[in-house]
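Using UniProt numbering, the letters of the sequence shown map in sequence onto residues 1 to 167.
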Amino acid sequence: MITDPRGQPIGWLLDTRVPTLDGELFTEVGSVIAERLRERGARQVVGYGFGAHPLVCSVLAVSEGDEFKGGLIREERKEHGRRRLVEGPIDADQPVVMVDDIINSGRSASEALRLVRSAGFAVDGLLTLFNFTWSNGQDRIEAEGLWVDSLLDLNLQEGTGSGSDSA
C-alpha cells in the first residue's frame, strides 16, 4: 500500500529515486540539469533528501572539470568532526542552487532553504524535475526570493500534464 505523509492511502506515487539511480538515466538527467544550471550561471548545486542526492551527483558526473561543485544538506548539524550542515567542497562566498526531484507543497524545499541559509550560504534558486502545480510550493519558494524552474509541470488534478514553459 502506498501512503501520503499523513499515512493515508493514495492511488499513485511518483518515485524518482529508482530511475535516477539507474546509470543511463542518471547521466541523461544530469546533462539536462547541468544545462539548466549553466543557463542560470550557477556553479554550485546542493540537495536535501533522497530525491535530491542522486541529482546533485548526476550533475557532478557530467560536469567538465571543476565546472560545478556539489553539496548534500544534512537534516541537522553533525555533532562531531567538522559539524557541518552542508557536506561537500562548496564555497560559502558563492551562491548555490538547490535541486530536488519534486516540488509539491514546498515544505521540504523550505526546510532545505532554512538549513542552507543557516549554514551561511546564499541560495539563488530551486531546480526540480517535476512541479505539482496543483499545490502552492512554487509560490512558497518564490516568496523567499528564489527563482523556481522545473523540467516538467504536472497538474494531474485537471487530468493533464504539460511541459514547463521553460522546457
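Glycine included, C-beta positions come from ideal geometry on N, C-alpha and C.
What does a CB cutoff of less than 8 Å around residue i pick up in its chain, not counting 5 residues either side in sequence?
i, result
"Ile141", "Ile103, Gly106, Ala109, Ser110, Leu113, Leu126, Val148"
"Pro95", "Ala42, Gln44, Phe121, Ala122, Val123, Asp124"
"Arg117", "Val123"
"Asp91", "Gln44, Lys69"
"Thr27", "Ser58, Ala61, Val62"
"Gly145", "none"
Please return the same chain residues whose Cβ sits closer than 7 Å to the Cβ of residue i, not counting the five positions on each side in sequence.
i, result
"Arg83", "Arg77"
"Asp4", "Ile10"
"Arg36", "Leu127, Asp149"
"Asp93", "none"
Since residue i is in the alpha helix (DSSP H), which residue starts that stretch and which ends it?
i, result
"Thr27", "23–40"
"Ser58", "53–62"
"Arg17", "17–20"
Spatial neighbours of residue i within its chain, please: C-beta separation below 6 Å, excluding the five flanking residues on both sides.
i, result
"Tyr48", "Ile73, Ala112"
"Val29", "Thr20, Ser58"
"Asp165", "Only weak support is given to the placement of Asp165: the predicted model assigns it a pLDDT of 41, under 50, and the value that follows is read from those uncertain coordinates. So the list is empty, once near-sequence residues are dropped."
"Arg6", "none"
"Gly31", "Correcting the residue identity first, residue 31 is Ser in this sequence and not Gly. For Ser31, where only same-chain residues beyond five positions count, the Cβ hits under 6 Å are Val62."
"Leu115", "Ile73, Leu85"
"Phe132", "Asn104, Leu154"
If contacts are defined as beta-carbon pairs under 8 Å, then residue i and residue j qualify, I think. What distance do you get, rounded to the angstrom?
i, j, result
"Ala119", "Leu85", "4 Å"
"Val46", "Gly71", "4 Å"
"Val18", "Val56", "The pair is not a contact, with the Cβ atoms about 17 Å apart (cut-off 8 Å)."
"Arg38", "Val97", "Actually they do not touch by this definition, with Cβ atoms about 11 Å apart."
For the beta strand (DSSP E) containing residue i, list its first residue and its last residue.
i, result
"Asp153", "147–155"
"Arg47", "Note that residue 47 is Gly in the sequence shown, not Arg. Taken as a continuous stretch (DSSP letters only), the beta strand (DSSP E) holding Gly47 covers 44–48."
(request) Note down, one range per segment and in chain order, each alpha helix (DSSP H) of at least 4 residues found wholly within the region 67–151. (result) 107–118, 137–142
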